[in-house]
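S.K.:
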Amino acid sequence: MIYIFILAIFTGVEVISRVPTVLHTPLMSGANAIHGIVLIGGVILLGSAGDSVLLCALGFVAVILGTLNVVGGFVVTDRMLEMFKSKPTNKSSADK
Amino acid sequence: MSRTSVPEAAYLAASLLFIFGLKRLSSPRSARSGNILAAIGMALALAGTFVLPGMGHFGLIILAIAIGTAPGWLLARRVKMTAMPQMVSLFNGMGGACALFISMGEWLRETAPAGDFGQALPMLLGIVFGSVSFTGSLVAFGKLQGLITEKSVRWPLQKSLNALLLLAIVATAAEAVPHHDNAWWAVALAGAALLLGVLQVLPIGGADMPVVISVLNSCTGLAAALTGFAMHNMSMIIAGTLVGAAGSFLTVLMCKAMNRSLAKVVFGSFGLSPVAAAGAAAVKSDQVMREITASECAIMMGYARKVIIVPGYGLAVAQGQHLVHDLDEALEKRGVEVKYAIHPVAGRMPGHMNVLLAEANVPYPKLLDMDEINPEFEQADVALIIGANDVVNPAARTEAGSPIYGMPILNADKAKNVIVIKRGRGAGFAGIENALFFNPKTRMLFGDAKKALQELVTEVKAL
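Each protein sequence line maps, in turn, to chains A and B.
Counting from 5, one number per residue, gives the positions in the first sequence under this note's numbering.
Counting from 6, one number per residue, gives the positions in the second sequence under this note's numbering.
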């Protein structure tokens, strides 16, 4: 698992290393949505909580919060990027 | 083994989609599809989780997802473009809180013998990072939303207090490992980390908020990865680490754009050093700002050959983006060349201003980065500064004592004439006086950016 951890670090840096300033905000927002993956953890916690009321409650809240992160994150990012999409003809020349 | 192969495959596909999505997000042309790819990856990972062996409570899971989806969707749809940064921060905080709850749950459930450090570490760290990013993001949200003062809040012994708190966190975590059966240690740990999140972000001034959000973003990514370690979940480790690494790298890029060291942002906030305060006083006493009317302003621009517009956050607050575009069109009709100078940190987040102007249909090629536009100021007849301040403050170039000294700025002062649309006479976001406003070639048009622009558009059209 440590291997994966280290590989993912390099991938993360490599993948965004040439991002233009213009896209910093959408990129941050997109990354924000991706770490909503904690939602999976919430689902597993709740799904395997068994009879424990405490675990159920913790998992339930975690799933709600995680969903907020995922849905909100992706929708906000999409709205930001929509703005860039609206002028496809002008954009090609600005791509660097 | 076959029962776990479906989720494993889903996780692998999801991880690849996250990587490709992030990759596509870093180029303007493919950005939107990148976001959608990542969203598909998320859906896949979620679907894969449902078929994991030993899962139950499906009704509750779906109910919780439904409860989370509705407000998330509505908030994200309704929020104004100007309020984007705090929205990102808010959602980020939710992710942090989620990681906190999961780590706590895992800790309570874990039946491993007390004292197993390797097993305990990811959970305890997950609690710490989740908590810090939760309360930190909420404070950042409050500051950007105007619920908490944007000024840097300070109190005595600030740094020692935070260091002490950090020590307490380490000590509590160390104590929690051998006392795994006593849940209160973990609760105390969360409490201390929650407090640290508040204390760490509260002193940071509004101007540094983008960096803070970026730091907290990678913090939540790390929390997600740690939770993944605790739960042995590959997709969480990969996605969390990706965000943690990309977020940290992005933070460094932002700091470079503002010429601030990360340590300075996190540990020492913008404070008026005595030198800068004295300098500001000197500017005030012996110089005056020269006012101008909208019609004079329109004449100056209408008969210019080249106008460079420098938009700042003040423009966004006044919701004047569309009017800028109108003004731009009216001027172009008269044969004036109009360009936009975008400082890397104009607005509240890097790239924020581009998003806002793109929303107002300003053609993308007219928005120029600082490095491209700076040599052009000398040929410009008019630099029109709308609601921007610190990013055109020449003190960054000349006054070694100024808090913004060394920050790259837009050379608006090199233009033949400078017009500044500004709400009032006060200092800018960072609380620093701007000598440009007292420059003999500068004219001030006081008032709300939207109203001022409206008048300008009318006047230019009437020329």
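Note that beta-carbon positions come from the ideal geometry of N, C-alpha and C, so glycine has one too.
Assign Lys446(B) to one of three DSSP states: helix, strand, or coil.
M.R.: Numbered from 1 along the second sequence, position 441 holds the residue referred to as residue 446(B). Three-state result, Lys446(B): coil.
S.K.: For Leu450(B) versus Ile304(B), is the C-beta distance shorter than 8 Å?
M.R.: Indexing the second sequence from 1 puts residue 450(B) at position 445. Indexing the second sequence from 1 puts residue 304(B) at position 299. For Leu450(B) and Ile304(B), no; Cβs fall outside 8 Å.
S.K.: In chain B, which residues lie with their C-beta within 8 Å of the C-beta of Val57(A)?
M.R.: Within the first sequence, numbered from 1, the residue matching residue 57(A) stands at position 53. By Cβ distance, chain B contributes nothing, its closest Cβ being about 12 Å from Val57(A), past 8 Å.
S.K.: Given 8 Å as the limit, is there contact between the stretch 62-82 of chain A and the stretch 104-115 of chain B, that is, 3 or more CB pairs closer than that?
M.R.: The stretch 62-82 of chain A vs the stretch 104-115 of chain B: in contact.
S.K.: Out of Gln205(B), Leu200(B), His184(B), Ala351(B), state which residue places its alpha-carbon closest to the alpha-carbon of Val158(B).
M.R.: Your numbering for residue 158(B) matches position 153 in the second sequence. Looking at the Cα atoms, Gln205(B) is the closest of the given residues.
S.K.: Looking at the secondary structure, which residues open and close the alpha helix (DSSP H) in which Tyr318(B) lies?
M.R.: On the second sequence, position 313 is the one that residue 318(B) refers to. Taken as a continuous stretch (DSSP letters only), the alpha helix (DSSP H) holding Tyr318(B) covers 318-322.
S.K.: Could you have a look at Leu43(A) and say whether DSSP puts it in helix, strand or coil?
M.R.: The residue you call residue 43(A) lines up with position 39 of the first sequence. Here Leu43(A) sits in helix by DSSP.
S.K.: Nearest CA to the CA of Val65(A): which residue from Phe254(B), Gly110(B), Gly202(B), Ala250(B)?
M.R.: On the first sequence, residue 65(A) is found 61 positions in, with the first residue counted as 1. Checked all of Phe254(B), Gly110(B), Gly202(B), Ala250(B); the closest Cα to Val65(A) is Gly110(B).
S.K.: Who are the near neighbours of Leu49(B) in its chain, counting only those whose CB is closer than 6 Å to its CB and skipping five residues on each side?
M.R.: In the second sequence, residue 49(B) corresponds to position 44, counting from 1. Excluding residues within five positions, the ones whose Cβ falls inside 6 Å are Ala15, Ala18, Ala19.
S.K.: Going by other Cβ atoms of all chains shown within 10 Å of its Cβ, with 16 needed for buried, is Asn187(B) buried or exposed?
M.R.: As a first step, residue 187(B) is located in the second sequence; it is residue number 182 there, counting from the start. Under this definition Asn187(B) is an exposed residue.
S.K.: For Ile6(A), which residues of its own chain have a beta-carbon under 6 Å away from its beta-carbon, when the five flanking residues on both sides are left out?
M.R.: Looking up residue 6(A) in the first sequence gives position 2. Taken in chain order, the list of residues that qualify is empty.
S.K.: Establish whether the CB of Ala405(B) and some CB of chain A are separated by less than 8 Å.
M.R.: To locate residue 405(B), count along the second sequence from 1; it is residue 400. It does not; no Cβ of chain A falls within 8 Å.
S.K.: Classify Glu115(B) as helix, strand or coil using the three-state DSSP reduction.
M.R.: Within the second sequence, numbered from 1, the residue matching residue 115(B) stands at position 110. Reduced to three states, the DSSP call for Glu115(B) is coil.
S.K.: Flag Arg114(B) as yes if its beta-carbon sits less than 8 Å from any beta-carbon of chain A, otherwise no.
M.R.: Here residue 114(B) corresponds to residue number 109 of the second sequence, with the count starting at 1. Interface residue, yes.
S.K.: With H, G and I counted as helix, E and B as strand and the rest as coil, what does DSSP make of Tyr7(A)?
M.R.: In the first sequence, counting from the first residue as 1, residue 7(A) sits at position 3. Three-state DSSP puts Tyr7(A) in a helix.
S.K.: Check the Cβ-Cβ distances between Ser97(A) and every residue of chain B, and say whether any is below 8 Å.
M.R.: In the first sequence, the residue the question calls residue 97(A) occupies position 93. Note that Ser97(A) scores a pLDDT of 37, beneath 50, so its modelled location is shaky; the value from the coordinates is reported in the next line. Interface residue, yes.
S.K.: When you compare the CB positions of Ile243(B) and Ile48(A), do they come within less than 8 Å of one another, or not?
M.R.: Counting from one through the second sequence, the residue named residue 243(B) turns up at place 238. Counting from one through the first sequence, the residue named residue 48(A) turns up at place 44. No.
S.K.: So, for Pro92(A): in the same chain, excluding its five sequence neighbours on each side, which residues have a beta-carbon less than 6 Å away from its beta-carbon?
M.R.: Here residue 92(A) refers to the residue found at position 88 of the first sequence. Note that Pro92(A) scores 40 on pLDDT, short of 50, meaning its location in the model is unreliable; the coordinates nonetheless yield the value given after this. If we look at Pro92(A) and ignore the five residues flanking it on each side, it has no Cβ neighbours.
S.K.: Tell me which same chain residues have a C-beta within less than 6 Å of the C-beta of Gly34(A), skipping the five on either side of it?
M.R.: As a first step, residue 34(A) is located in the first sequence; it is residue number 30 there, counting from the start. The residues are Thr81.
S.K.: Asn422(B) bridges to which residues according to DSSP?
M.R.: By one-based count along the second sequence, residue 422(B) stands at place 417. Answer is Val387(B).
S.K.: Any beta carbon from chain A within less than 8 Å of Glu337(B)'s own beta carbon?
M.R.: One-based indexing of the second sequence puts residue 337(B) at position 332. No, no contact with chain A.
S.K.: What is the rounded straight-line gap between the Cα of Val84(B) and the Cα of Val387(B)?
M.R.: In the second sequence, the residue the question calls residue 84(B) occupies position 79. In the second sequence, the residue the question calls residue 387(B) occupies position 382. Going from the Cα of Val84(B) to the Cα of Val387(B) covers about 34 Å.
S.K.: If contacts are defined as beta-carbon pairs under 8 Å, then Ile218(B) and Asn97(B) qualify, I think. What distance do you get, rounded to the angstrom?
M.R.: Position 213 of the second sequence, counted from the first residue, corresponds to residue 218(B). Position 92 of the second sequence, counted from the first residue, corresponds to residue 97(B). So it is a contact: roughly 7 Å between Cβ atoms.
S.K.: Is the Cβ of Lys28(B) closer than 8 Å to any Cβ of chain A?
M.R.: For the purposes of this step, residue 28(B) is identified with residue 23 of the second sequence, where counting begins at 1. For Lys28(B), the answer is yes, since a Cβ of chain A falls inside 8 Å of its Cβ.
S.K.: Taking Cβ-Cβ distances shorter than 7 Å, what residues in chain A pair up with Val488(B)?
M.R.: Any answer about residue 488(B) is impossible in this case: the structure gives chain B only from 6 up to 468.
S.K.: Return the chain-ordered list of same chain residues with a C-beta closer than 6 Å to the C-beta of Val220(B), the five sequence neighbours on each side being excluded.
M.R.: By one-based count along the second sequence, residue 220(B) stands at place 215. Correct list, in chain order: Thr256.
S.K.: Going by C-alpha to C-alpha distance, which of Ala230(B), Ala250(B), Met239(B), Thr87(B) sits closest to Thr4(A)?
M.R.: Here chain A covers residues 5 to 100 and nothing more, so residue 4(A) does not appear.
S.K.: In the DSSP assignment, the beta strand (DSSP E) including Lys344(B) goes from what residue to what residue?
M.R.: Taking the first residue of the second sequence as position 1, residue 344(B) is located at position 339. Where Lys344(B) is concerned, the enclosing beta strand (DSSP E) stretches over 342-347.
S.K.: Taking its Cβ as the centre, do 16 or more other Cβ atoms sit within 10 Å of Thr25(A), making it buried, or is it exposed?
M.R.: The sequence position of residue 25(A) within the first sequence is 21, counting from 1. The residue in question, Thr25(A), is buried, as its Cβ has 16 or more Cβ neighbours within 10 Å.
S.K.: Report yes if the C-beta distance between Val19(A) and Leu27(B) is below 8 Å; otherwise report no.
M.R.: Locating residue 19(A) in the first sequence gives position 15, counting from the first residue. Locating residue 27(B) in the second sequence gives position 22, counting from the first residue. For Val19(A) and Leu27(B), yes; Cβs fall inside 8 Å.
S.K.: Which partner residues of Glu296(B) appear in the DSSP bridge assignment?
M.R.: Numbered from its first residue, the second sequence carries residue 296(B) at position 291. Bridge partners of Glu296(B): Met449(B).
S.K.: Return the residue from the list Ala235(B), Ala262(B), Leu231(B) that minimises the CA-CA distance to Leu247(B).
M.R.: In the second sequence, residue 247(B) corresponds to position 242, counting from 1. Considering only alpha carbons, the answer is Leu231(B).
S.K.: Spatial neighbours of Ile426(B) within its chain, please: CB distance less than 6 Å, with the 5 preceding and 5 following residues excluded, ordered by chain position.
M.R.: By one-based count along the second sequence, residue 426(B) stands at place 421. Closer than 6 Å at Cβ, skipping near neighbours: Ile391, Leu450, Ala454, Ala457.
S.K.: Contact defined as beta carbons within less than 8 Å: I believe Asn439(B) pairs with Asn398(B). What is the distance between those atoms, to the nearest angstrom?
M.R.: On the second sequence, residue 439(B) is found 434 positions in, with the first residue counted as 1. On the second sequence, residue 398(B) is found 393 positions in, with the first residue counted as 1. Rounded, the Cβ-Cβ distance is 5 Å, consistent with contact.
S.K.: Closer than 8 Å, CB to CB, is Lys377(B) near chain A or not?
M.R.: Here residue 377(B) corresponds to residue number 372 of the second sequence, with the count starting at 1. It should be noted that the sequence gives Glu, not Lys, for residue 377(B). Not one chain A Cβ lies under 8 Å of Glu377(B).
S.K.: Which residues, in chain order, does the stretch 59-77 of chain B contribute to contact with chain A at a C-beta distance below 7 Å?
M.R.: Taking 7 Å as the Cβ-Cβ cut-off against chain A, the residues of the stretch 59-77 of chain B that qualify are Gly59, Met60, Gly61, His62, Leu65, Ile66, Ala69, Ile70, Ile72, Gly73, Thr74, Pro76, Gly77.
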